[in-house]
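Asks:
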Amino acid sequence: MKIYGFDDEVILSGANLSSDYFTNRQDRYYLFKSKDLSDYYYKVQHAVESLSYKLIHFEDKSQFRLVWPTSNPVNEPGKDIEKDDVASDQRTFVYPISQFTPLLKPDISTEKPSILKILGYVNDKSVNWTFTAGYFNMLPEIKAKLLESSSKGVVITASPYANGFYKSKGISGCLPDAYLYLSKLFLQDVFKHGKKNDIILNEWKRGVGLWATASNEEEPSLTVIGSSNYTRRAYSFDLETNAVVVTNDKELKSRMSNEVSNLLQYTNTLSLEDFKDEERKVNNLVIFATKLLGKRL
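Offset between the sequence shown (1-based) and this note's numbering: plus 736.
(1) Could you give the residue range of the beta strand (DSSP E) that holds Glu939?
(2) If we ignore side chains and look at the alpha-carbon of each, how far apart do Ala948 and Phe927 end up?
(3) Counting along the chain, where does the alpha helix (DSSP H) carrying Asn978 start and finish?
(4) Give the single residue among Ile844, Leu946, Gln835 whose Cα lies nearest to the Cα of Val982.
(5) Using CA coordinates, which residue listed in Ser964, Tyr871, Val996 is at the minimum distance from Val890?
(6) Would you decide whether His966 is buried or exposed? Buried here means 16 or more other CB atoms lie within 10 Å of its CB.
(7) Return the bridge partner residues of Trp947 from the DSSP annotation.
(8) Rounded to whole angstroms, what's the CA-CA distance from Asn1020 to Leu916? Just pull it up for me.
(9) Taking 9 Å as the threshold (C-beta atoms), are Trp940 and Leu999 in contact?
(10) If you run the structure through DSSP and keep just helix, strand and coil, what is Thr731?
(11) Look up Ala914 in the DSSP assignment and say whether it is helix, strand or coil.
(12) Might you give, ordered along the chain, the residues of its own chain that have their beta carbon closer than 7 Å to the beta carbon of Leu875, omitting 5 neighbours on each side?
(13) Let me know the secondary structure DSSP gives Pro832 once reduced to three states.
(14) Taking all protein chains shown into account, decide if Gly856 is buried (16 or more other Cβ within 10 angstroms of its Cβ) or exposed.
(15) Alpha carbon to alpha carbon, what distance is there between Ala869 and Pro805?
(16) Between which two residues does the beta strand (DSSP E) carrying Lys888 extend?
(17) I need the straight-line Cα distance from Pro809 to Glu785, nearest angstrom please.
(18) Determine the direct distance from the alpha carbon of Gln799 to that of Phe1011, and round the result to whole angstroms.
(19) Under a three-way DSSP split, which group does Lys779 fall into?
(20) Relative to the C-alpha of His929, which candidate in Pro956, Ser886, Ala950 has its C-alpha closest?
(21) State the Cα-Cα distance for the pair Lys1017 and Asn933, rounded to the nearest angstrom.
(22) Once DSSP output is grouped into helix, strand and coil, what is the label at Val859?
(23) Hey, how far is the Cα of Ser964 from the Cα of Asp796?
(24) Counting along the chain, where does the alpha helix (DSSP H) carrying Phe872 start and finish?
(25) Let me make sure I understand the geometry here. Which of Asn760, Tyr831, Ala1025 has the alpha-carbon closest to that of Ala979?
(26) Taking the continuous alpha helix (DSSP H) assigned at Ser993, which residues delimit it?
(27) For Lys769, write down the residues that DSSP places opposite it in a beta bridge.
(28) Drop a sphere of 10 angstroms on the beta-carbon of Gln1001, count the other beta-carbons inside from all chains shown, and report buried for 16 or more, exposed for fewer.
(29) Under a Cβ-count criterion, where at least 16 other Cβ atoms within 10 Å of its own Cβ denotes burial, should Ile936 be classed as buried or exposed?
(30) Suppose you measure from the CA of Glu745 to the CA of Gly962; what does that come to, to the nearest Å?
(31) Return the first residue and the last residue of the alpha helix (DSSP H) that Ile792 is part of.
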């Protein structure tokens, strides 16, 4: 989750506070000036905090200890243990959605079903969509929705060079190649489904989100902003929070359109031919590990 709040304002983003995101990355930040939303995300943060360990640093900064606060309302894991009033002239609606799969049994998270429902609505030839994911290990249900859609769209994924693990030491250095391999598989599926003229795969740095442009309109009227990467891992092990923004406000729609254009201008369209380049070849060990550990990427 990436939530930044102060008083009655809250920022949702896909970026964390590492220096990389303020120097050589591009990401999305939406500022909401709303007491209701700010209160909601404060409660989300407070709820997660009340189910979290406290990290205690030692003098040696490389070492730490995790402590379960006695103030938490539940035992340590492994131990014993509607507002319907809407202004008639309102032009923009914001629907908070969250994914708390590791915490909820049974899982009543709202993000995954909401995203799948939205993708179901864009199954119309007159609708255009743009889907971005920084880590390209798309949830199979989302992938199926895109491939089965009758509409046209663009998928933007991060290039290996833009991945934070690029040239890192150890096994993490293999992650960019793993996502590159998954990008190739997606493009192969696009061709298998006869969608090569409908779905384009572009590559750039990073910017996570979903935009949909309604029929007979040129600018997006819906976007999803937040922390999710729409990956298998995100829906299995991570805590995510997002907001669905639906609007008919002309100024906001124009800004959303510019946001997509700004992302696209720094992308290159990928074809299967590109994966024949030496720099895009992935060794068999990475391919095997990707198949074995795909759910955790």
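The beta carbon of each residue, even a glycine, is placed where N, CA and C say it ideally should be.
Replies: So, from the listed chains and residues:
(1) Taking the first residue of the sequence shown as position 1, residue 939 is located at position 203. Looking at the DSSP string, the run of the beta strand (DSSP E) that includes Glu939 is 935-940.
(2) The sequence position of residue 948 within the sequence shown is 212, counting from 1. The sequence position of residue 927 within the sequence shown is 191, counting from 1. Roughly 23 Å separates the two Cα atoms.
(3) For the purposes of this step, residue 978 is taken as the residue at position 242 of the sequence shown. No alpha helix (DSSP H) holds Asn978; the beta strand (DSSP E) holding it covers 976-983.
(4) The sequence position of residue 982 within the sequence shown is 246, counting from 1. For Val982, the nearest C-alpha among the options comes from Leu946.
(5) Here the question's residue 890 lines up with position 154 in the sequence shown. Closest option to Val890, Cα to Cα, is Val996.
(6) Here residue 966 refers to the residue found at position 230 of the sequence shown. Here residue 966 is Tyr; the residue named in the question, His, does not match the sequence. It counts as buried.
(7) For the purposes of this step, residue 947 is taken as residue 211 along the sequence shown, with counting starting at 1. BP columns for Trp947 point to Thr866, Thr959.
(8) Residue 1020 sits at position 284 when you count from the first residue of the sequence shown. Residue 916 sits at position 180 when you count from the first residue of the sequence shown. Distance between the alpha carbons of Asn1020 and Leu916: 13 Å.
(9) Counting from one through the sequence shown, the residue named residue 999 turns up at place 263. Counting from one through the sequence shown, the residue named residue 940 turns up at place 204. Cβ distance < 9 Å, so Leu999 and Trp940 count as in contact.
(10) The shown model of the chain, from 737 to 1033, leaves out residue 731, and the question about it has no answer.
(11) As a position in the sequence shown, residue 914 is number 178, starting the count at 1. Helix.
(12) Against the sequence shown, residue 875 aligns to sequence position 139. Same-chain partners within the cutoff: Tyr966, Thr967, Arg968, Tyr971.
(13) In the sequence shown, the residue the question calls residue 832 occupies position 96. In this structure, Pro832 counts as strand in the three-state DSSP scheme.
(14) As a first step, residue 856 is located in the sequence shown; it is residue number 120 there, counting from the start. By the neighbour-count rule (16 or more Cβ atoms within 10 Å), Gly856 is not buried but exposed.
(15) Within the sequence shown, residue 805 is the residue found at index 69, counting from 1. Within the sequence shown, residue 869 is the residue found at index 133, counting from 1. Cα to Cα, Pro805 sits roughly 35 Å from Ala869.
(16) Counted from its first residue, the sequence shown places residue 888 at position 152. Segment 888-894, the beta strand (DSSP E) holding Lys888.
(17) Taking the first residue of the sequence shown as position 1, residue 809 is located at position 73. Taking the first residue of the sequence shown as position 1, residue 785 is located at position 49. When only Cα atoms are considered, Pro809 and Glu785 end up about 11 Å apart.
(18) Reading the sequence shown from its first residue, position 275 is the one you call residue 1011. Reading the sequence shown from its first residue, position 63 is the one you call residue 799. Distance between the alpha carbons of Phe1011 and Gln799 is about 42 Å.
(19) Residue 779 sits at position 43 when you count from the first residue of the sequence shown. In this structure, Lys779 counts as helix in the three-state DSSP scheme.
(20) One-based indexing of the sequence shown puts residue 929 at position 193. Here the closest residue by C-alpha is Ser886.
(21) By one-based count along the sequence shown, residue 1017 stands at place 281. By one-based count along the sequence shown, residue 933 stands at place 197. Those two C-alpha atoms are separated by around 25 Å.
(22) Here residue 859 refers to the residue found at position 123 when the sequence shown is read from its first residue. As written in the sequence, residue 859 is Asn, which differs from the Val given in the question. The answer is coil: DSSP assigns Asn859 none of H, G, I, E or B.
(23) Locating residue 964 in the sequence shown gives position 228, where the first residue counts as 1. Locating residue 796 in the sequence shown gives position 60, where the first residue counts as 1. The straight-line gap from Cα to Cα measures roughly 33 Å.
(24) Here residue 872 refers to the residue found at position 136 when the sequence shown is read from its first residue. No residue range can be given for Phe872, since it is assigned to no alpha helix (DSSP H) and is classified by DSSP as neither H nor E.
(25) Along the sequence shown, read from residue 1 onward, the residue named residue 979 stands at position 243. Minimum Cα distance to Ala979 is reached at Tyr831.
(26) Along the sequence shown, read from residue 1 onward, the residue named residue 993 stands at position 257. Residues 986-1000.
(27) Within the sequence shown, the letter at position 33 stands for residue 769. In the DSSP assignment, the residues bridged to Lys769 are Glu745.
(28) Along the sequence shown, one-based indexing puts residue 1001 at 265. By the 10 Å Cβ count, Gln1001 comes out exposed.
(29) Counting from one through the sequence shown, the residue named residue 936 turns up at place 200. Flag for Ile936 reads buried.
(30) As a first step, residue 745 must be located in the sequence shown, where it is residue number 9. As a first step, residue 962 must be located in the sequence shown, where it is residue number 226. Taking the straight line from one Cα to the other gives about 15 Å.
(31) On the sequence shown, position 56 is the one that residue 792 refers to. Run containing Ile792: none in the alpha helix (DSSP H); it sits in the beta strand (DSSP E), 790-793.
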